[in-house]
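Chains A and B, in that order, give the protein sequences.
First residue of the first sequence? That's 631 in the working numbering, and the numbers climb one at a time after it.
First residue of the second sequence? That's 631 in the working numbering, and the numbers climb one at a time after it.
Glycine included, every Cβ here is placed at the ideal spot set by N, Cα and C.
On a predicted model such as this, the values are computed, not experimentally measured, just so you know.
Number of protein chains: 2
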Amino acid sequence: MMKAQSPTLNDVAMQAGVSTATVSRCLNEPEKVTAKTREKVMATVTALGYSPNFGARAMATQRTNTIGAVIPTMENAIFARGLQAFQEELWRLGFNLMVASSSYQRELEVAQVRSLVARGADALLLIGHIRDPQIYALLDAQQIPSLVTWTYDPSAARPSVGFDNCAAMRDMARKVLELGHQRLAMMTAPLARNDRAQARLLGLKDAMVEFGLNSDALPIVEYPYGIENGAIGFAALMQGSTKPTAIFCGNDVLAVGALRGARDMGLNVPGDVSIIGFDDIELSQVTYPLLTTVHVPHRDMGQRAARALVRHLNDDAPLESQELHTELRLRASLGPPPR
Amino acid sequence: MMKAQSPTLNDVAMQAGVSTATVSRCLNEPEKVTAKTREKVMATVTALGYSPNFGARAMATQRTNTIGAVIPTMENAIFARGLQAFQEELWRLGFNLMVASSSYQRELEVAQVRSLVARGADALLLIGHIRDPQIYALLDAQQIPSLVTWTYDPSAARPSVGFDNCAAMRDMARKVLELGHQRLAMMTAPLARNDRAQARLLGLKDAMVEFGLNSDALPIVEYPYGIENGAIGFAALMQGSTKPTAIFCGNDVLAVGALRGARDMGLNVPGDVSIIGFDDIELSQVTYPLLTTVHVPHRDMGQRAARALVRHLNDDAPLESQELHTELRLRASLGPPPR
DNA sequence: GTTGTCGTTGTAAGCCCTTACATTGACGCA
DNA sequence: TGCGTCAATGTAAGGGCTTACAACGACAAC
Numbered sequence: 631m632m633k634a635q636s637p638t639l640n641d642v643a644m645q646a647g648v649s650t651a652t653v654s655r656c657l658n659e660p661e662k663v664t665a666k667t668r669e670k671v672m673a674t675v676t677a678l679g680y681s682p683n684f685g686a687r688a689m690a691t692q693r694t695n696t697i698g699a700v701i702p703t704m705e706n707a708i709f710a711r712g713l714q715a716f717q718e719e720l721w722r723l724g725f726n727l728m729v730a731s732s733s734y735q736r737e738l739e740v741a742q743v744r745s746l747v748a749r750g751a752d753a754l755l756l757i758g759h760i761r762d763p764q765i766y767a768l769l770d771a772q773q774i775p776s777l778v779t780w781t782y783d784p785s786a787a788r789p790s791v792g793f794d795n796c797a798a799m800r801d802m803a804r805k806v807l808e809l810g811h812q813r814l815a816m817m818t819a820p821l822a823r824n825d826r827a828q829a830r831l832l833g834l835k836d837a838m839v840e841f842g843l844n845s846d847a848l849p850i851v852e853y854p855y856g857i858e859n860g861a862i863g864f865a866a867l868m869q870g871s872t873k874p875t876a877i878f879c880g881n882d883v884l885a886v887g888a889l890r891g892a893r894d895m896g897l898n899v900p901g902d903v904s905i906i907g908f909d910d911i912e913l914s915q916v917t918y919p920l921l922t923t924v925h926v927p928h929r930d931m932g933q934r935a936a937r938a939l940v941r942h943l944n945d946d947a948p949l950e951s952q953e954l955h956t957e958l959r960l961r962a963s964l965g966p967p968p969r
Numbered sequence: 631m632m633k634a635q636s637p638t639l640n641d642v643a644m645q646a647g648v649s650t651a652t653v654s655r656c657l658n659e660p661e662k663v664t665a666k667t668r669e670k671v672m673a674t675v676t677a678l679g680y681s682p683n684f685g686a687r688a689m690a691t692q693r694t695n696t697i698g699a700v701i702p703t704m705e706n707a708i709f710a711r712g713l714q715a716f717q718e719e720l721w722r723l724g725f726n727l728m729v730a731s732s733s734y735q736r737e738l739e740v741a742q743v744r745s746l747v748a749r750g751a752d753a754l755l756l757i758g759h760i761r762d763p764q765i766y767a768l769l770d771a772q773q774i775p776s777l778v779t780w781t782y783d784p785s786a787a788r789p790s791v792g793f794d795n796c797a798a799m800r801d802m803a804r805k806v807l808e809l810g811h812q813r814l815a816m817m818t819a820p821l822a823r824n825d826r827a828q829a830r831l832l833g834l835k836d837a838m839v840e841f842g843l844n845s846d847a848l849p850i851v852e853y854p855y856g857i858e859n860g861a862i863g864f865a866a867l868m869q870g871s872t873k874p875t876a877i878f879c880g881n882d883v884l885a886v887g888a889l890r891g892a893r894d895m896g897l898n899v900p901g902d903v904s905i906i907g908f909d910d911i912e913l914s915q916v917t918y919p920l921l922t923t924v925h926v927p928h929r930d931m932g933q934r935a936a937r938a939l940v941r942h943l944n945d946d947a948p949l950e951s952q953e954l955h956t957e958l959r960l961r962a963s964l965g966p967p968p969r
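Laid out in structure tokens, this is it:
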């Protein structure tokens with residue numbers, strides 16, 4: 631009955647006295663059209679307030695210029711920063727970002743991927759390699775390109791843009807061990823289905839073995855992301871009879887919590903115990919004492935991932951793995967062991 | 631030539647020996663189809679690995695089940711938390727989220743809105759009321775519903791789901807003034823085109839007037855989001871001859887920076903100076919001293935916004951403003967003025 | 001047995017672009 | 001003048017789904 635339809639390509643074409651093909655060309659490949667025609671058409675476009683119908687365009691081109699990302703959570707500063715950079719770069723390249731969060735839940739991630747694909751994502755950004763194989767099967771079946779980030783693993787089947795979590799933590803651990811620490815402990819995010827966390831733990835153990843320590847005896851506690859949890863975890867690690875002199879944290883948030891836990895227990899950092907983080911989020915530069923941590927180039931990673939995906943989609947460039955480098959940030963929370 | 635096309639509705643229909651209409655109904659309104667037919671069809675769907683073509687569906691329904699959000703930045707914990715909740719709720723309701731960030735730049739926001747609309751967003755989430763009028767014109771022209779958040783302003787032309795920034799800060803300021811503080815100062819995010827920041831400042835000034843102080847004399851410094859900036863701003867405010875005894879910060883991040891600035895300058899909080907934040911992000915519960923701040927229900931806000939938009943899209947429910955309530959969190963960083 | 005009703009399924013008309021291919025026309029050159 | 005060339009434009013065929021409406025068939029009521 632009543633139709634206040636927005637104008638279509640055809641409306642513009644008729645109004646401007648040209649064919650729909652010409653209008654389409656004016657919009658998408660203006661160089662293929664005479665300046666005169668182009669002006670006439672563009673004038674009509676603005677006059678009518680025309681804007682292309684998304685669905686029709688998506689159908690005709692089989693593209694949406696939208697890329698999906700499934701991340702554990704945006705609330706974690708680590709992901710927020712990388713994701714922000716990813717979005718900014720996508721924007722520069724003419725793409726939009728769809729976000730879904732899996733809350734570290736395996737089945738949920740499957741559903742999210744399915745949904746993003748159903749919503750027309752041209753490609754996907756994923757975090758880490760470990761996930762339900764269904765996801766890879768789905769992506770292969772639908773021929774959706776995907777890129778793994780927050781880790782770099784040349785041995786994995788899929789391309790990744792990230793850094794070597796294991797090597798980074800190993801380097802840090804060596805520094806700590808060189809200071810003479812013997813009793814280490816680790817507080818990590820839950821290890822199950824988190825290859826980044828697993829790799830970091832592995833790096834620590836590697837270094838221990840190098841230094842002749844028994845890595846099997848390493849006390850390990852697992853806590854979800856959260857400052858409060860860091861404090862709790864710290865207390866848990868310190869209540870045994872043989873207290874560690876250096877506590878490695880899988881991420882800075884837990885480490886900041888540990889610093890707080892130490893303060894609550896009246897312990898001096900690093901006098902009584904050293905605390906080491908991972909990520910170098912902004913927060914770690916303002917704690918007291920300043921946090922020793924591994925600096926991760928999150929923004930660079932997000933940007934590179936965006937560029938790689940877009941080049942793949944636009945120019946058919948192969949999706950290749952890229953390794954980014956981390957750096958140790960040795961700050962006040964690390965010192966020699968007590969005594 | 632070579633086509634490894636993915637199966638279409640038609641393929642499924644032929645294979646299952648029914649019409650495309652029936653297949654479509656099985657997928658979208660299963661209750662309208664006999665159980666027997668439905669089973670047969672669904673079996674074929676899985677057998678063929680069929681999944682609907684996004685573009686075609688979008689074209690036929692004029693819907694994408696995708697909602698866009700334009701936020702200043704995801705890196706700010708405040709937005710990250712609310713956005714996360716928004717996304718989770720959208721997901722529960724069967725929608726996807728597209729994110730764009732404006733970096734507080736007016737023109738960029740216009741472009742982002744345009745892009746999200748062009749990418750088929752069914753509706754938009756926006757932060758605050760102040761923006762280029764072009765945006766509202768565009769949304770009206772294309773009939774894209776939108777909802778404003780992070781603020782509640784019944785006098786504004788557009789519906790909003792949020793809280794009264796002015797009243798919240800006014801309440802906090804009263805508490806501080808009741809303690810006897812006379813020399814106040816404000817550190818805020820840049821005020822230009824940020825109605826939330828402006829409202830918070832206004833609330834502070836209101837309270838000052840109530841208590842007989844000259845609000846025009848209030849020292850104000852503006853710094854972008856960032857812990858480091860908070861420290862810088864603090865130093866700036868404390869270097870005058872008449873030092874403030876209470877510093878109001880427009881957000882917790884600046885406040886945390888201020889705490890750090892105080893420590894750097896060897897000042898005691900709240901002995902020498904009280905520091906007050908806004909937002910109650912996780913961080914504020916672990917600083918030393920704990921931060922006095924205004925608690926904002928970011929998650930609740932995100933959820934409500936999602937529900938309101940979806941109800942509007944699905945059930946044509948009117949988009950109505952909702953006011954959420956903030957709470958004062960009086961913690962150790964606030965004390966009586968020195969002397 | 002006929003007719004009417006109603007629940008189920010089928011038919012086919014859009015929805016609005018893009019683009020391969022066809023057509024046109026201007027121009028240069030013989 | 002006639003012809004070939006090439007750039008500019010037009011024609012029309014999809015592309016895959018939803019849905020109004022038509023058709024059908026089973027069953028109940030008379």
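Comparing alpha-carbon positions, which option in A:Cys656, A:Pro948 and A:Gln717 lies nearest Asn695 of chain A? Asn695 of chain A has its Cα closest to that of A:Gln717, out of A:Cys656, A:Pro948 and A:Gln717.
Contacts around Lys662 of chain A, its chain only, beta-carbon distance under 7 Å, and the 5 residues preceding and following it disregarded: Within the same chain, Lys662 of chain A has close Cβ partners Arg655.
Neighbour-count burial assignment, Glu705 of chain B, 16 or more Cβ in a 10 Å radius: Only buried fits Glu705 of chain B, as 16 or more other CB atoms lie within 10 angstroms of its CB.
Going by DSSP in three states, Glu852 of chain A sits in which element: helix, strand or coil? If DSSP states are grouped into helix, strand and coil, Glu852 of chain A belongs with the strands.
Exposed or buried, what is Arg800 of chain B when buried is set at 16 or more other beta-carbons lying within 10 Å of its beta-carbon? Under a 10 Å Cβ-count criterion, Arg800 of chain B is classified as buried, with 16 or more other Cβ atoms of the shown protein chains found around its own Cβ.
So which residues on chain A does Ile857 of chain B lean against when the C-beta distance must stay under 9 Å? Listed along chain A, the residues sitting closer than 9 Å to Ile857 of chain B by beta-carbon distance are Glu912, Leu913, Gln915 and Val916.
Counting only C-beta atoms, is Thr703 of chain A closer than 8 Å to chain B at any point? Yes, because at least one Cβ of chain B sits closer than 8 Å to the Cβ of Thr703 of chain A.
Considering Cα atoms alone, identify which of B:Thr691, B:Gln772, B:His759 and B:Ala699 is closest to Asn658 of chain B. Put simply, of B:Thr691, B:Gln772, B:His759 and B:Ala699 the residue whose alpha carbon is nearest the alpha carbon of Asn658 of chain B is B:Thr691.
Please decide whether Arg826 of chain A counts as near chain B, where near means a Cβ-Cβ distance under 8 Å. Interface residue (Cβ-Cβ distance to chain B less than 8 Å): Arg826 of chain A is not classified as such.
Proximal residues of chain A, C-beta to C-beta of Leu746 of chain B below 9 Å: The answer, in chain order, is Asn726.
What runs of the alpha helix (DSSP H), each 4 residues or longer, lie entirely inside the region 780-839 of chain B? Listed in chain order, the complete alpha helix (DSSP H) runs (minimum 4 residues) inside the region 780-839 of chain B are 795-808.
Min CB distance Asn795 of chain B to chain A below 8 Å: Not an interface residue.
Report yes or no: do three or more beta-carbon pairs, one from the region 831-841 of chain B and one from the region 864-871 of chain B, lie closer than 8 Å? The count of Cβ pairs closer than 8 Å, one atom from the region 831-841 of chain B and one from the region 864-871 of chain B, stays below three, leaving the stretches out of contact.
Please confirm if Met632 of chain A has its CB atom under 8 Å from at least one CB of chain B. Residue placement at Met632 of chain A is flagged as unreliable, the pLDDT there being 34, under the threshold of 50; a coordinate-derived value is accordingly withheld.
Using the rule of at least 16 other Cβ atoms within 10 Å of the residue's Cβ for burial, across every protein chain shown, is Thr779 of chain A buried or exposed? When all chains shown are included, Thr779 of chain A counts as buried.
Which whole-angstrom value is the C-beta distance of Leu713 of chain A and Ile697 of chain A, which I expect to be below 8 Å? The C-beta separation of Leu713 of chain A from Ile697 of chain A comes to about 12 Å, leaving the pair out of contact by the 8 Å criterion.
Under 7 Å between beta-carbons, which chain A residues line up against Gly896 of chain B? List them in chain order, please. Here the premise fails: no neighbours, minimum Cβ distance about 13 Å.
Alpha carbon to alpha carbon, what distance is there between Glu852 of chain B and Pro820 of chain B? If you draw a straight line from the Cα of Pro820 of chain B to the Cα of Glu852 of chain B, it comes to about 5 Å.
Spatial neighbours of Lys873 of chain A in its chain, beta-carbon cut-off 6 Å, leaving aside the 5 residues before and after: The same chain holds no residue with a CB closer than 6 Å to that of Lys873 of chain A once the five nearest residues on each side in sequence are set aside.
Per-residue contacts from Phe684 of chain B into chain A (C-beta, under 8 Å): Residues of chain A with a Cβ closer than 8 Å to the Cβ of Phe684 of chain B are, in chain order, Ala688, Thr694, Ala748, Arg749 and Gly750.
Buried or exposed: which applies to Glu808 of chain A, given that a residue is buried once 16 or more other Cβ atoms fall within 10 Å of its Cβ? Classification for Glu808 of chain A: exposed.
Whole-angstrom distance between Ser649 of chain B and Lys633 of chain A, CA atom to CA atom: Caution is warranted here: a pLDDT of 41 is assigned to Lys633 of chain A, below 50, making its placement in the model unreliable, and no coordinate value can be reported.
Going along chain A in order, which residues have a C-beta closer than 7 Å to the C-beta of Ala771 of chain B? Result: Gly679.
In chain B, which residues lie less than 8 Å from Ser871 of chain A when you measure between Cβ atoms? Under the 8 Å cutoff, chain B gives no residues; its nearest Cβ is about 28 Å from Ser871 of chain A.
Given this structure, state the Cα-to-Cα distance separating Ala829 of chain A from Leu746 of chain B, to the nearest angstrom. Those two C-alpha atoms are separated by around 38 Å.
What residue does the beta strand (DSSP E) around Ser904 of chain A start on, and which one ends it? Per DSSP, Ser904 of chain A belongs to the beta strand (DSSP E) from Ser904 to Ile906.
So what does DSSP say about Met755 of chain A, is it helix, strand or coil? Just to set this straight, residue 755 of chain A is Leu in the shown sequence, not Met. Per DSSP, reduced to three states, the secondary structure at Leu755 of chain A is strand.
Listed from N- to C-terminal order along the chain, which residues in the region 873-904 of chain B have their beta-carbon within a distance smaller than 9 Å of any beta-carbon of chain A? Listed by position, the residues of the region 873-904 of chain B near chain A (Cβ gap below 9 Å) are Val883, Val886, Gly887, Leu889, Arg890 and Arg893.
Just mark Gly953 of chain B as buried or exposed, buried being the case when its beta carbon has 16 or more other beta carbons within 10 Å. Looking at the sequence shown, residue 953 of chain B is not Gly but Glu. It counts as exposed.
List the residues of chain A that Trp780 of chain B touches, going by C-beta distances under 9 Å, in chain order. Neighbours of Trp780 of chain B on chain A: none; closest Cβ ~16 Å, over 9 Å.
Closer than 8 Å, CB to CB, is Glu659 of chain B near chain A or not? Under the Cβ criterion of 8 Å, Glu659 of chain B is not counted among the residues facing chain A.
Compute the Euclidean distance between the alpha carbons of Gly758 of chain B and Ser681 of chain A, then round it to the nearest angstrom. For Gly758 of chain B and Ser681 of chain A, the gap between their C-alpha atoms comes out near 26 Å.
Segments assigned beta strand (DSSP E), at least 3 residues, entirely inside the region 662-709 of chain A: Within the region 662-709 of chain A, the complete beta strand (DSSP E) runs of at least 3 residues are 696-701.
Taking the C-alpha atoms as reference points, what is the distance between Asn844 of chain B and Gly887 of chain A? Approximately 41 Å between the Cα atoms of the pair.
For Thr638 of chain A, which residues in the same chain have their Cβ closer than 8 Å to its Cβ, ignoring the five residues on either side in sequence? Closer than 8 Å at Cβ, skipping near neighbours: Tyr680 and Asn683.
Specify the secondary structure class of Gln925 of chain A as computed by DSSP and reduced to three states. As written in the sequence, residue 925 of chain A is His, which differs from the Gln given in the question. In this structure, His925 of chain A counts as strand in the three-state DSSP scheme.
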